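J.:
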Amino acid sequence: MRTDELVGSLAGDVRPVRRLSSPPVRLLVWLGLSLPWIAFIVWYRGPRADIALKIGEGGWLFEQSLALATALAAGLAALCASIPGRPVWERVLPLLPLGLWIAITVDGSIRSVMADGTWSSLVEVDWVCLPNIASLGVVPAVAMIALIRRGAPVSPYTTIGYAALAATALAEFGLRFFHAEDASLMILVWQMGSVALLTVICIFFARHLFPWRTGIRALTG
Amino acid sequence: MDVASYPNSQKRDWAFSRAISGSNDFRRGTVLVPKRSVRYYFLPDREGKRYRKSGDCPKHAERQAPGGVMETGTESVSLESLMQAAQAGDGAAYEHLLRSVVPMLRRQARAKWIGSIEPEDLVQDVLLSLHSVRHTYDPARPFLPWLGAIFRRRLVDLQRRHIRKAKNEVTTDTLPETFSGDETNWLEDGQGDPDLLKSAIASLPAGQRKAIELLKIQELSLKEAAERTGMSISALKVAVHRGMKSLRQALGA
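Chains as they are written, first to last, in the numbering used here: chain Z, 4 to 224; chain R, 3 to 255.
1. Is the number of C-beta pairs between the region 76-84 of chain Z and the region 203-210 of chain Z that are closer than 8 Å three or more?
2. Roughly how many whole angstroms lie between the Cα atoms of R:Pro144 and Z:Arg89?
3. If you draw a straight line from the C-alpha of R:Ile86 to the C-alpha of R:Leu99, how long is it?
4. Step through the CB atoms of chain Z and report whether any lies within less than 8 Å of the CB of R:Pro207.
5. Z:Cys80 versus chain R: which residues are under 9 Å apart at the beta carbon?
6. Looking at R:Leu129 and Z:Leu71, is the spacing between their C-beta atoms short of 8 Å?
7. If we call anything under 8 Å between Cβ atoms a contact, is Z:Pro159 one with Z:Ala209?
8. Classify R:Asn170: buried if its beta carbon has 16 or more other beta carbons within 10 angstroms, exposed otherwise.
9. Taking 6 Å as the limit between beta carbons, can you name the residues of its chain near R:Tyr139, skipping five residues before and five after?
10. Taking C-beta to C-beta, are R:Arg108 and R:Val135 nearer than 8 Å?
11. Under three-state DSSP, which class holds R:Ser223?
12. Per DSSP, what kind of secondary structure is R:Ile201 in: helix, strand or coil?
13. Do Z:Leu201 and Z:Thr161 count as a contact pair if the criterion is CB distance below 8 Å?
14. Going by CA-CA distance only, name the one from R:Met246, R:Ser234, R:Leu206 that's closest to R:Pro121.
15. What residues from chain R crowd round Z:Val157, counting only those whose CB sits closer than 7 Å?
16. Do Z:Phe180 and Z:Val28 count as a contact pair if the criterion is CB distance below 8 Å?
17. Within the chosen definition, does the region 91-106 of chain Z reach the region 131-148 of chain Z through at least 3 CB pairs nearer than 8 Å?
18. Name, please, each residue of chain R whose Cβ falls closer than 7 Å to the Cβ of Z:Val17.
19. At 7 Å on the CB atoms, spell out the chain R contacts of Z:Val192, in chain order.
20. Terminal residues of the continuous alpha helix (DSSP H) containing Z:Thr171?
21. Quick one: using the 10 Å Cβ neighbour count with 16 as the cut-off for buried, is Z:Gly49 buried or exposed?
22. With a threshold of 8 Å between beta-carbons, can Z:Arg94 be considered close to chain R, or not?
23. With burial defined as no fewer than 16 other Cβ atoms inside 10 Å of the residue's Cβ, what is the status of R:Ser201: buried or exposed?
24. Report the rounded CA-to-CA distance for Z:Phe20 versus Z:His211, giving the unit in angstroms.
25. Compute the distance between the beta-carbons of R:Leu216 and R:Ala204, then report whether it is under 8 Å.
26. R:Lys218 to R:Ala241, Cα distance in whole Å?
27. To which residues of the same chain is R:Phe153 closer than 7 Å at the C-beta, ignoring the five residues directly before and after it?
28. At what residue ranges does the region 27-112 of chain Z contain a whole run of the alpha helix (DSSP H), taking only runs of 4 or more?
29. Which whole-angstrom value is the C-beta distance of Z:Val142 and Z:Trp40, which I expect to be below 8 Å?
30. Does the Cβ-Cβ distance between R:Val198 and R:Leu253 come in under 8 Å?
31. Residues in its own chain within less than 8 Å of Z:Phe65 by CB, not counting five upstream and five downstream?
32. Should R:Ala208 be labelled buried (16 or more other beta-carbon atoms within 10 Å of its own) or exposed?
33. Could you tell me whether the Cβ atoms of Z:Leu13 and Z:Gly154 are closer together than 8 Å?
34. In whole angstroms, what is the alpha-carbon distance linking R:Lys239 and R:Lys247?
35. Against chain R, does Z:Val20 count as a neighbour if the rule is that its beta carbon must be under 8 Å from one of theirs?
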């Protein structure tokens, strides 16, 4: 088909479209879908026995706020990355809370090792973190992918990567309300490790999760 | 480089190439020329075609999107307003918009494409992609960076596909094997009426006739024939295939 004919065909079939909402509005929609699920899982599993003590603990609150900030910033970055032509700084934004979160956890881990002994004695096997984070993160992940698929796949790996990071960080935030293991090294290896692993797995499927749709539907849409 | 003195089409090209390179200056909604303290506004003067520095700007002047001004007679229409109208379902505005961006896309595609294939596929891919994601355009933001981001992505996708395909394909003008049926070998066996064949070839459309003459009669390679005719290798293959089919029908084989 010649380009002139294609232009005529596209112009002839054009219909009004519902403009995409701004990224902050879509982020609120995502939170509205995800937080009730997190709250439900925490209620179902039962909050940890020392939750009242933990909420009063400054260090625990700070780590939780970093996890939540990472989830929010990554979610916003994913939604912004799915809109062509937006500033690049929006995609760099999540690295700040993520970097702080990792730094705090690594710092805590190093202090634990120096105080208490070798790495292997402090890292207990805790495979249950991975399925816990996956089950907590499934609804936020599905909701985020549904929201970004309305956008344009101009940076599929970045978009899906941040979407996965947002979902898993939010899951990690919820996990610590019922998972009592709080040692920094445990968090670093099992919980943040699960976040990283699930994010990387999602990035591998980025082009399948977020393809360009330029077929018949797009032409008639 | 004084962008203000460029004709419109060059201004748009300059702005679009800045948008493709991801220039943040462009996103601020003004065109920056070498002296950054000077901002140029796209303002029509009495003739409707000249641009002035900000110092001459009357108070009621409206700041237009840089590189996005098209002039139709004395009326200036921005790409942003055309896109906004297209999102509302205005087919005429949409067609106007697409026709104005196609030359820009074509020039940038020729400049950025790595390889010898005609980049018209890229232009059409970008148009289809623009059509499928037109709901993502925010009228409060400039149009060309939006289009530039789509162009960059489609360029990468198509280039990767082209490289992947080229790694697994070898261009040859002589197939190592053929089918056993007579109808696939009838032109090679030397039988038949040469005058009838000549008149059948002469009755073919010009493109098919040329392809048959160069590839089958003069036995040039695909590359040599492509250089001589200016057609792409894939277009030559299609023309030869169609020509052979037409000859077969004409000669009643």
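Note that the Cβ used here is the ideal one computed from N, Cα and C, for glycine as well. All values reported here derive from a predicted model rather than from experimental measurement.
T.: According to the data block:
1. By the criterion of at least three beta-carbon pairs nearer than 8 Å, the region 76-84 of chain Z is not in contact with the region 203-210 of chain Z.
2. Within the model, the alpha-carbon separation for R:Pro144 versus Z:Arg89 is close to 10 Å.
3. Note on residue identity: the sequence assigns Gln, not Ile, to residue 86 of chain R. C-alpha separation (whole angstroms): 10 Å.
4. Answer no: the Cβ-Cβ gap between R:Pro207 and chain Z never drops below 8 Å.
5. Here residue 80 of chain Z turns out to be Ala, not Cys, going by the sequence shown. Neighbours of Z:Ala80 on chain R: none; closest Cβ ~15 Å, over 9 Å.
6. Cβ distance not < 8 Å, so Z:Leu71 and R:Leu129 don't count as in contact.
7. Here Z:Pro159 is near Z:Ala209, since their CB atoms are less than 8 Å apart.
8. Counting every other CB atom within 10 Å of its CB across the protein chains shown gives R:Asn170 a total below 16, marking it as exposed.
9. Closer than 6 Å at Cβ, skipping near neighbours: Met85, Trp148.
10. Inclusion of R:Arg108 and R:Val135 in the CB contact set at 8 Å is not warranted, their separation being larger than that value.
11. In the structure shown, R:Ser223 sits in coil (DSSP, three-state: anything other than H, G, I, E or B).
12. This sequence places Ser at residue 201 of chain R; Ile is not what is there. Helix.
13. No, Cβ-Cβ distance for Z:Thr161 and Z:Leu201 is not below 8 Å.
14. With distances taken between Cα atoms, R:Pro121 lies closest to R:Ser234.
15. Ala151, Ile152, Arg155, listed in chain order.
16. Contact flag unset, no.
17. Contact fails: fewer than three Cβ-Cβ distances are below 8 Å.
18. Within 7 Å Cβ-Cβ: Ala88, Gly91, Gly93, Tyr96.
19. None at all; the shortest Cβ gap to chain R is about 36 Å.
20. Segment 159-178, the alpha helix (DSSP H) holding Z:Thr171.
21. Here Z:Gly49 is exposed, its C-beta having fewer than 16 other C-beta atoms within 10 Å.
22. Answer no: the Cβ-Cβ gap between Z:Arg94 and chain R never drops below 8 Å.
23. Classification for R:Ser201: exposed.
24. A small correction: the amino acid at residue 20 of chain Z is Val; Phe does not occupy that position in the sequence shown. Going by the C-alpha atoms only, they are around 25 Å apart.
25. For R:Leu216 and R:Ala204, no; Cβs fall outside 8 Å.
26. Near 12 Å, if we compare the C-alpha coordinates of R:Ala241 and R:Lys218.
27. Same-chain partners within the cutoff: Ile22, Leu107, Gln110, Val128.
28. 54-58, 61-84, 92-95, all fully within the region 27-112 of chain Z.
29. Rounded to the nearest angstrom, the Cβ distance from Z:Val142 to Z:Trp40 is 4 Å, consistent with a contact under 8 Å.
30. In the sequence on display, residue 198 of chain R carries Leu and not Val. Yes. Within cutoff.
31. Only Ile107 meet the Cβ criterion.
32. Around the beta carbon of R:Ala208, a 10 Å sphere encloses fewer than 16 other beta carbons of the protein chains shown; the residue is thus reported as exposed.
33. With contacts defined as CB atoms closer than 8 Å, Z:Leu13 and Z:Gly154 fail to qualify as a contacting pair.
34. Per the coordinates, the alpha-carbon of R:Lys239 lies some 12 Å from the alpha-carbon of R:Lys247.
35. Yes, its Cβ sits closer than 8 Å to a Cβ of chain R.
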